[in-house]
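Presented below is the structure to which this report refers.
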Amino acid sequence: MNSSGDQNTKQEQISSKHSKEAVAYKFWQEFQEERKDIQKSINSLSTKPKSLITKLCEEILVRINLLEKKATDAMIYLPSYDQRQSILQIRALVEELNTKKAEIAPKSKFSFKSRKPNATNGSGERVNETENKQNIIKATLSTTTTSTISKTISNENFQMITLNNKQNFYLTVDSYLSPPSSTDDSTKTMDFHLSSLQNCFINLVSKNVIIGAIHIKGLKNCVLLAGPVYSSILIHDCENCVFVVACHQFRMHTSKQMNIYLHVTSHPIIEDCDKIKFAPYTLSIPGLDKMFEAAKLDQKTNKYDTVEDFNWLRQQASPHWDLLEEKYLRKDWPLINNEGMNNINENELNNVLSEILEQST
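In this text, residue positions in the sequence shown follow UniProt numbering: the first is 1, and each later residue adds one.
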């Protein structure tokens, strides 16, 4: 009887493995078809009237964003190699789109200034609120050549780190650097996928790391500190967290009770979110200027307060987000120094988390 049961278990495991492989293969085929189609659209921009370039670039970026979301959702069953390739290929599309747009797009004759925080009129409407929010998605990554990405791949100086299914942990980026060396000044590019974390402190700040992108799903009661990110931060299904992040593009979906200390060079986007507070990025550490430079991120441009809520297309202020009041603004962040912190005990961690998260509510 036991032998029969073991045999059934093995068959179920084999069947499950084959099923995952089939799903992964199907996704990869569809991913490549869409990627190639987007590539064709980018290549064809040179043949289009210049008056249409900006609109066409925005439409292409929407398609890239959707492809990135599909890839993020597929991470649970994709092999690690395919995960890495999907990220690199999406990043290459955005890079090429920006390069193409810079080459052929008409120069702007004027520009809009960001509105002041909390500026309202007598009826409670935000002043200078963007009227057509569906058209604000823009290619925001700084223009760089694709040879930079090729160099990263050829040098194998890239890692994709997945952190999931943890509770009551202190997680630090430096623990993933190998081999560890206090005298090594070289930098490594890392993408992070964080999912299903609860009561965790995630410290992704390191002078030896350039963060390529961060994908986040299902975090609860967590604090995340991150250095400047080279491309985008994508967030799904988070609750009661504090994130301190800097990036070119910020998107958050289906999340609530979040405090976001943000530096971003494009309009932050939220969708299906509630009780979200935004504040300026307050991380302060030695060498931060160089980290911004490495991420091609402009320190002088921060649009954290120009949030676009895709569930609220009216002139009135969205009820789903607000700016964090000055009196609650936090500028000191514990556990930012990795030295000696890897063995932090659970009680100390819980005290730190409670202090930060309670202050945020």
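Just so you know, even glycine gets a beta-carbon here, dropped at the ideal spot from N, CA and C. Quick caveat, the model's predicted, so the values are computed rather than measured.
- Item | CA nearest to the CA of L66, picked from L324, H253, H320 and T282 | For the purposes of this step, residue 66 is taken as residue 66 along the sequence shown, with counting starting at 1. Out of L324, H253, H320 and T282, H253 has the C-alpha closest to the C-alpha of L66.
- With a CB to CB cut of under 6 angstroms and the five nearest residues on each side skipped, what residues in its chain are close to W312? Numbered from its first residue, the sequence shown carries residue 312 at position 312. Excluding residues within five positions, the ones whose Cβ falls inside 6 angstroms are S318.
- Message: Along the chain, where does the beta strand (DSSP E) containing A279 start, and where does it finish?
- Response: For the purposes of this step, residue 279 is taken as the residue at position 279 of the sequence shown. Note, A279: beta strand (DSSP E), D274 to P280.
- What residues are listed by DSSP as bridge partners for C241? By one-based count along the sequence shown, residue 241 stands at place 241. C241 pairs with M258.
- Message: On a Cα-Cα basis, can you pick out the residue from E33, V94 and F31 that is closest to V62?
- Response: Counted from its first residue, the sequence shown places residue 62 at position 62. Checking every option, the nearest Cα to that of V62 belongs to V94.
- Item | the stretch 207-216 / the stretch 190-197 touching (three or more Cβ pairs under 8 angstroms) | yes
- Task: Measure the Cβ-Cβ separation of V229 and V242 and say whether it is below 7 angstroms.
- Result: Here residue 229 is taken as the residue at index 229 of the sequence shown, counted from 1. Here residue 242 is taken as the residue at index 242 of the sequence shown, counted from 1. No, these two residues do not count as a Cβ contact at 7 angstroms.
- Task: Assign D305 to one of two classes, buried (16 or more other C-beta atoms within 10 Å of its C-beta) or exposed (fewer than that).
- Result: As a position in the sequence shown, residue 305 is number 305, starting the count at 1. Buried, by the Cβ-count rule.
- Task: State the Cα-Cα distance for the pair Y77 and S206, rounded to the nearest angstrom.
- Result: Residue numbering aside, residue 77 sits at position 77 when the sequence shown is read from its first letter. Residue numbering aside, residue 206 sits at position 206 when the sequence shown is read from its first letter. The straight-line gap from Cα to Cα measures roughly 29 angstroms.
- Take the Cβ of Q249 as the centre, count every other Cβ of all protein chains shown within 10 Å, and call the residue buried at 16 or more, exposed below. On the sequence shown, position 249 is the one that residue 249 refers to. By the 10 Å Cβ count, Q249 comes out buried.
- Message: If the criterion is Cβ atoms closer than 7 angstroms, does the pair I53 and I104 meet it?
- Response: As a first step, residue 53 must be located in the sequence shown, where it is residue number 53. As a first step, residue 104 must be located in the sequence shown, where it is residue number 104. Yes, they are a contact pair.
- Cα-Cα separation, C238 to E30: Taking the sequence shown and counting its residues from 1, the one referred to as residue 238 is at position 238. Taking the sequence shown and counting its residues from 1, the one referred to as residue 30 is at position 30. So the alpha carbons of these two residues sit roughly 28 angstroms apart.
- Message: Output needed for I216: all residues of its chain with C-beta closer than 6 angstroms, excluding positions within five of it in sequence on either side, in chain order.
- Response: Within the sequence shown, residue 216 is the residue found at index 216, counting from 1. L194 and I235, listed in sequence order.
- Just the C-alpha distance for E346 and Q159, rounded to the nearest angstrom, thanks. Along the sequence shown, read from residue 1 onward, the residue named residue 346 stands at position 346. Along the sequence shown, read from residue 1 onward, the residue named residue 159 stands at position 159. Cα-Cα distance, rounded: 28 angstroms.
- Item | Nearest to I87 (by Cα), restricted to the options R35, K100 and N98 | If you number the sequence shown from 1, residue 87 lands on position 87. Of the candidates R35, K100 and N98, the one whose C-alpha sits nearest the C-alpha of I87 is R35.
- Item | Residues sharing a beta bridge with I210, DSSP | In the sequence shown, residue 210 corresponds to position 210, counting from 1. I210 pairs with T189.
- Message: Using the three-state DSSP reduction, which class does V307 fall into: helix, strand or coil?
- Response: For the purposes of this step, residue 307 is taken as residue 307 along the sequence shown, with counting starting at 1. Here V307 sits in coil by DSSP.
- Opposing strand residues paired with F201 [DSSP bridges]: For this step, residue 201 is matched to residue 201 along the sequence shown. For F201, which the question treats as bridged, DSSP gives the partners Y170 and V223.
- Task: To the nearest angstrom, report how far apart I202 and A71 are at their CA atoms.
- Result: For the purposes of this step, residue 202 is taken as the residue at position 202 of the sequence shown. For the purposes of this step, residue 71 is taken as the residue at position 71 of the sequence shown. Approximately 23 angstroms between the Cα atoms of the pair.
- Task: Count the other C-beta atoms from every protein chain shown that fall within 10 angstroms of the C-beta of R172, then say buried if there are 16 or more, exposed otherwise.
- Result: Within the sequence shown, the letter at position 172 stands for residue 172. The amino acid occupying residue 172 in the given sequence is Thr; Arg does not appear at that position. Classification for T172: buried.
- Message: Please state the DSSP three-state secondary structure of K217.
- Response: Here residue 217 is taken as the residue at index 217 of the sequence shown, counted from 1. Of the three classes helix, strand and coil, the one that applies to K217 here is strand, per DSSP.
- Task: Quick one: which unbroken alpha helix (DSSP H) runs of 4-plus residues sit fully inside the stretch 35-107? Chain order, please.
- Result: 53-73 and 80-104
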